[in-house]
Structures are given as structure tokens and as C-alpha cells.
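In the working numbering, the protein residues as written are 481 to 1060.
Right, here's the structure in full:
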């Protein structure tokens, strides 16, 4: 049996009869769509699986007598197409091989050094080589991409509406930044990045220890443990940098200098010093004003934070084991009272049978156990002076604020894991003083969104239970970027471009309009605020019959009945779809 010919026969019949076109005939409608793919290369099985689900449901609803609209488009915003084009331009061998293996002609490969050609080529490939060959009955008259002039007008209108409602705000921000490509979005959809989509931004408190007229900056996530410090750790195999930061001279790792240059205003390299030169010397701990020794430790990584670590062996398993490995007669200083423990780090290390500081997995597990116990149940003891009797979680904030206010510490932002841009460069965190945000923290918006969730059918069921908490958790989102991004210019300052998540919250509504744009029945010049106000909100008057027809189409087809997406959209696209 020739399955290919059978497949071709039925696909030709479906398409010749234009079953895929959305028509108002039955008086009852069904609107389904699957998350449009980002244009970063050829589609993968996950995309096709999702579109297959949508196609099956759309066919089923047609058989049940519904008018069905099943549109699709292309998410061209951001860096994916730009990154691919840059790799082609520099003749990256892995990229060229990837394109050739997927059947891309040589004459096309040459053109793909232009990001707009990437969008144009892959948009056609998705339709002709994937969707149509799979027989998907997508309404191909409604195809659109997010960098088309009409779509940009739509997004700018949306942002003016957000501003009218007080949901656009401006404040300083620390954002993911690629030194090559500029700002990038770091989230589970990995639209702009190739690695690290689940990374979080950690706030290290960098405490200033005085050493020989300089600063040894120890980075910690637990500033409350300063009262238990017994020594300082450095890596004696690393060459450190001496950098002038403000009016101080700091000793820190080379990678830390690179990171801090993006977060602080004044960072200047003025010298170098090897870790071996620091070992055996002494420094002075702030707050407790105590002189402590500087010792070597293998676990200290120059890639993490400042590359210098303060040692609290009573409460940090890494520190306890490192001191034990050195055979140093350092007495742990207990600063937290917690039921079931005398010296927490010592006891958990012995219980887990940790032999040395190279047993990283066991040490990580031990650290997590102690941290959770102390953070949720611990009380600061008599060694903690005015903080005695405070809960650990409260003391942590108090001590952090006191250190910052007295200029004995700064905050350093760092990813919880390595993040890599699609261009291959490691992503850093950069201070942006004038960033714009969508105010998703707005209480009224959050409560309205939670009410909508109550009346929605959401699958899987456990996601429906999680979603209200996700909406509460969802904070203000930086909505614009600068750099070589594709996308919509921000209407209030066009040197900025609206980022990929923020321009893809209401896009299903644009599918109603895209058909008329594709057929030439409406031109981009007509698509002003009056047009969108009339079509989507019913405000004002129709300027012509086409406006009136589009308004009737919108009234008939909207809202969306099924919005399908992958699990990576659970905390990214779905929450903002509801809140917009």
C-alpha cells in the first residue's frame, strides 16, 4: 500500500475544498490555536505534537457542527533569527552543517546572514514543509508574523492602552544581558538563549572584609551568619584581580570583575595578586570587628560571585569539611539555636558520612538541609548581640539592611546556573537605570485574573490549582530591550524594542485582522488607534464597511475557546495571556 499517495490524495481534497478556511455558517463557533513557534530554525517534534493536538480537536469540532477557526503565525520577535543570521554570517560550521542536513539549499544559506531573510525563509518552510505536509487544516489565509507592520501597529496600540490604565511603570532594573547581542529574556521558553532557561537571579550580599588597606569581598546568601565567621577562604590556585571600585581597592576573581562592570558604575583593574600570596594573612570581619585568618579551599570557585568566601563552620557543611581537611584547630562558633542540633554543620556531615570537600553532591544536599531547617525554625542566639532572639528569616533581612546602610556590603546579582545566549556568549546581569515594566504586581489586575481562572477549564487539573499562586507570584515584568532585536518599537521611546513575551499576550486577537491585511482589504496606514478601538472595544464609529466587517468577525469568533501550549508556557505565556 502506497501511504504517501493516499496521504497526498486526501490532503489535496481537503485543501481544494478549502475546509481549513474559517467561515460563519452554523451560528456556533470554536476558536483554537497552538502557541506560535519562534523562528530559530527548523521545527522539532514538540511543535508538531502540539499542532497535531490542535488539528485533531479542530477537526472534531467541525464534525460536531461548529464553525472552526484554527489560525497560526510566526513569533519573529527577539534574538533567535538575529542569532542564527550572525552564525551564518561568521560561517559557524555547526550552524551550516545543521542547515545542510535539513536540506537548505546553498543559495538560501548565503541569504540567511540577514535576519529578515531568516524570518522569510523559515515562515515558508513551516507552512510548506511541516504544516501542509502534515495535513493541518490551519486557516492559511490568516498567517502573520510579529514583525509585520500591521502587527507592530497592534502592539503599539496595546501598550498605549496599558499606559492609560497605569500598568506601565519605569524604574531601575537588573536584567539579563548578552555582551554581543544586548538584552535577552531568560525564561523556560528559551526564546533568546540556548542554555539556562530555568536559571534564577540570585542576590548575593558582598560583605567587605578589610585586608592591608584593601577590601576582600566575601559573597554570601546568608549575611546573618557573619557572627559565626572564623576565617576567610580563597582558592590558592587562582590569580585574583585588584580593582578600584569607587574609592576602594578590592581583591576578587577576574570573572567577578567582568560581572561587576555591568552592575556598578566605576570598576577599574589596577593590578593582580595570586591566591597563594593571601593564604596565611589576616583580615578583619565587619560588625564583629574580629581578625580572622585567610585559608585555602578547593571548593572556592572563581566563577561564582566574587571568588572569595567567608567561613562559618558551625552552619556551613562546606566550611566545616574544608577546615577538617586542612586539620586546622578552628573552633566552630554556633550562632543559631535549632532543635535537634548542637553544631549543625558538624552533625549533618557526620550523619551523611561526608569524607572530604570534593564530595560536592553530598555537600550540596547537606547545605540545603541545614539552610531550610535554620531559615524556617532557627533563632539567633546570644552570640548575635542585638539580633539575639530574632527568627533567622527576620535577622537575615535586618543584618543585610544594616550592612548595606553602613556601606559594609553591596548587592551583587548572579544567575543560579550558567546562561548562554543563542550567539554562544555567556549572559551576564546588567543594571538598566530607566527600564519600563508592565505592572503585573497590580493587586486589582491579579484579583481579576484569579476570578477568570475560576471559570476556566484548565488542563492538567493540577495546573489550575497552581495558576492562582503563579498569578500572585508574577511580579512586574521588564517589557522592553535595547540592542539588535527584531520587534515592535516602544511607542513612548522608539530606541527601545518590546520584548518577546510582552508582544505575545494578545496575539490571537490579531488573527481576526490578519486575513484582511493579507488580502489587501485594509492597509497599514488605516490601522491607527481609532481602528483598534472600534474593532476590539466597539468604541467610536466605523470609517468604512471593512472596519464594520472586521468588528463583526471579532464579535463572532472571540474569545479564544482553547489556548494550547507546552509546559514551558505554564509560568511564561499563559499567566500574561490571562492578565492582558
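For glycine and all other residues, C-beta sits at the position ideal for the given N, C-alpha and C.
Inter-residue Cα distance where the pair is residue i and residue j
{"i": "residue 1057", "j": "residue 986", "result": "6 Å"}
{"i": "residue 999", "j": "residue 891", "result": "55 Å"}
{"i": "residue 789", "j": "residue 700", "result": "7 Å"}
{"i": "residue 811", "j": "residue 773", "result": "13 Å"}
{"i": "residue 993", "j": "residue 556", "result": "18 Å"}
{"i": "residue 489", "j": "residue 499", "result": "15 Å"}
{"i": "residue 956", "j": "residue 727", "result": "34 Å"}
{"i": "residue 616", "j": "residue 529", "result": "11 Å"}
{"i": "residue 971", "j": "residue 837", "result": "54 Å"}
{"i": "residue 567", "j": "residue 522", "result": "15 Å"}
{"i": "residue 905", "j": "residue 495", "result": "45 Å"}
{"i": "residue 426", "j": "residue 1013", "result": "Because residue 426 is not part of the residues shown, which for the chain are 481 to 1060, the question remains open."}
{"i": "residue 527", "j": "residue 654", "result": "32 Å"}
{"i": "residue 537", "j": "residue 613", "result": "18 Å"}
{"i": "residue 893", "j": "residue 884", "result": "15 Å"}
{"i": "residue 611", "j": "residue 531", "result": "8 Å"}
{"i": "residue 1007", "j": "residue 935", "result": "33 Å"}
{"i": "residue 504", "j": "residue 898", "result": "51 Å"}
{"i": "residue 889", "j": "residue 656", "result": "23 Å"}
{"i": "residue 592", "j": "residue 661", "result": "17 Å"}
{"i": "residue 1052", "j": "residue 562", "result": "22 Å"}
{"i": "residue 574", "j": "residue 584", "result": "14 Å"}
{"i": "residue 603", "j": "residue 582", "result": "15 Å"}
{"i": "residue 784", "j": "residue 764", "result": "22 Å"}
{"i": "residue 1017", "j": "residue 696", "result": "59 Å"}
{"i": "residue 558", "j": "residue 541", "result": "35 Å"}
{"i": "residue 745", "j": "residue 668", "result": "31 Å"}
Residue i, buried or exposed, once every other Cβ within 10 Å from all chains shown has been counted against 16
{"i": "residue 678", "result": "exposed"}
{"i": "residue 1027", "result": "buried"}
{"i": "residue 484", "result": "exposed"}
{"i": "residue 824", "result": "buried"}
{"i": "residue 915", "result": "buried"}
{"i": "residue 552", "result": "buried"}
{"i": "residue 633", "result": "buried"}
{"i": "residue 698", "result": "buried"}
{"i": "residue 879", "result": "buried"}
{"i": "residue 929", "result": "buried"}
{"i": "residue 815", "result": "buried"}
{"i": "residue 525", "result": "exposed"}
{"i": "residue 686", "result": "buried"}
{"i": "residue 749", "result": "exposed"}
{"i": "residue 1043", "result": "buried"}
{"i": "residue 990", "result": "buried"}
{"i": "residue 650", "result": "exposed"}
{"i": "residue 713", "result": "buried"}
{"i": "residue 637", "result": "buried"}
{"i": "residue 606", "result": "buried"}
6 Å Cβ shell around residue i - same chain, five flanking residues per side excluded
{"i": "residue 579", "result": "589"}
{"i": "residue 855", "result": "872 and 873"}
{"i": "residue 511", "result": "549, 1037, 1040 and 1041"}
{"i": "residue 502", "result": "549 and 619"}
{"i": "residue 799", "result": "791, 792 and 793"}
{"i": "residue 875", "result": "704, 860 and 867"}
{"i": "residue 776", "result": "716 and 759"}
Identified DSSP bridge partners for residue i
{"i": "residue 691", "result": "694"}
{"i": "residue 684", "result": "892"}
{"i": "residue 601", "result": "Answer is none; residue 601 lacks a bridge partner."}
{"i": "residue 658", "result": "662"}
{"i": "residue 760", "result": "Answer is none; residue 760 lacks a bridge partner."}
{"i": "residue 754", "result": "719"}
{"i": "residue 638", "result": "Paired residue(s): none; residue 638 is not in a bridge."}
{"i": "residue 774", "result": "712"}
{"i": "residue 699", "result": "686"}
{"i": "residue 953", "result": "DSSP lists no partner for residue 953."}
{"i": "residue 648", "result": "918"}
Beta-carbon proximity list for residue i, same chain, < 7 Å, skipping 5 on both sides
{"i": "residue 853", "result": "818"}
{"i": "residue 964", "result": "562, 661 and 662"}
Residues near residue i by beta carbon distance below 8 Å, same chain, minus five either side
{"i": "residue 797", "result": "825, 828, 829, 834, 843, 846, 847 and 850"}
{"i": "residue 545", "result": "506 and 508"}
{"i": "residue 943", "result": "1050"}
{"i": "residue 719", "result": "734, 752, 753, 754 and 755"}
{"i": "residue 640", "result": "971 and 1009"}
{"i": "residue 722", "result": "694, 729, 730, 731, 749, 750, 751, 752 and 753"}
{"i": "residue 513", "result": "534, 550, 551, 552, 988, 991, 1040, 1042, 1043 and 1044"}
Whole beta strand (DSSP E) runs in the stretch 872-942 with 3 or more residues, listed along the chain? 889-895 and 908-918
Length-filtered (3 minimum) beta strand (DSSP E) runs lying within the stretch 506-590: 509-514 and 547-549
Within the stretch 959-1036, ranges of the alpha helix (DSSP H) (whole runs, at least 4 residues): 987-998 and 1009-1012
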